[in-house]
Amino acid sequence: MKARNKFLLGGVLVLGTASYLMASSIDETATYYLTPTELAAKVADNPRIVKNGVKVGARVVSGTIVRDPSGRELTFTMTDGTKTYPVHYRGVAPDTFTDGVDIVVEGRLDANGTFQATTLLAKCASRYENAPGQPGQYPGGGGQHPASIPKA
């Protein structure tokens, strides 16, 4: 066998092995979260799912956030528009955690129907900007877009 053929065969084996490992790891590392409605359906089908840890993606219901004076615990209600669950979280909340923000919580549903969260992730806004026409929005104040700066 020629050296060139050995090199090509070795390259094909290495690339094939690397491709297989990447493809198989995608399935293992992909995480899916349930909506509150999907969680309720799973609990109705199998009440023992309460003992399993799950991830739930939802939105915080405005006006339901109650922070403990210590700052290390909070409760709120999450919803997907159809089903709501109360959530209890111990830990420091992300800076972007506010009313109406999309969240992903990881934890367990207890026997009382409260989601005991061990992880709380809050979605960031894609853009941070002042409301139109607010003074101080652009350098020079007045809320007007300066003519010397192109609009994005």
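For the numbering used here, count along the sequence shown from 1 and bump the result up by 4.
Note that beta-carbon positions come from the ideal geometry of N, C-alpha and C, so glycine has one too.
Owing to the predicted nature of the structure, the values given are computational and were not obtained by experimental measurement.
Under a three-way DSSP split, which group does residue i fall into?
{"i": "R8", "result": "helix"}
{"i": "Q141", "result": "Because the pLDDT of Q141 is 44, which lies under 50, any placement of that residue in the model is unreliable, and the question is left without a value."}
{"i": "V64", "result": "strand"}
{"i": "R73", "result": "Just to set this straight, residue 73 is Pro in the shown sequence, not Arg. P73: coil per DSSP, three-state reduction."}
{"i": "Y24", "result": "helix"}
Span of the alpha helix (DSSP H) holding residue i?
{"i": "L38", "result": "Element bounds for L38: n/a, residue is neither H nor E."}
When you compare the CB positions of residue i and residue j, do they come within less than 9 Å of one another, or not?
{"i": "P90", "j": "T79", "result": "yes"}
{"i": "A121", "j": "E110", "result": "yes"}
{"i": "D114", "j": "V54", "result": "yes"}
{"i": "P40", "j": "T88", "result": "yes"}
{"i": "R76", "j": "G104", "result": "no"}
{"i": "R71", "j": "A45", "result": "no"}
Locate the beta strand (DSSP E) running through residue i, then write down its first and last residues.
{"i": "T88", "result": "88-94"}
{"i": "V122", "result": "First, the amino acid is wrong: residue 122 is Thr here, not Val. From DSSP, the beta strand (DSSP E) with T122 extends over 119-126."}
{"i": "I107", "result": "106-113"}
Whose C-beta lies closer than 7 Å to the C-beta of residue i among residues of the same chain, with five residues either side of it excluded?
{"i": "G57", "result": "E110, G111, R112"}
{"i": "V47", "result": "I53, V54, L113"}
{"i": "T68", "result": "F80, T81"}
Leaving out the 5 sequence neighbours to the left and right, which residues in its chain are closer than 6 Å to residue i when beta-carbon positions are compared?
{"i": "Y1", "result": "No information on residue 1 is available, as it lies outside the stretch 5 to 156 that the chain covers here."}
{"i": "M26", "result": "none"}
Between residue i and the rest of its own chain, which residues show a CB-CB distance below 8 Å, the 5 nearest in sequence each way excluded?
{"i": "C128", "result": "T100"}
If you pair each beta-carbon of the region 56-68 with each one of the region 80-89, do three or more pairs fall below 8 Å?
-> yes
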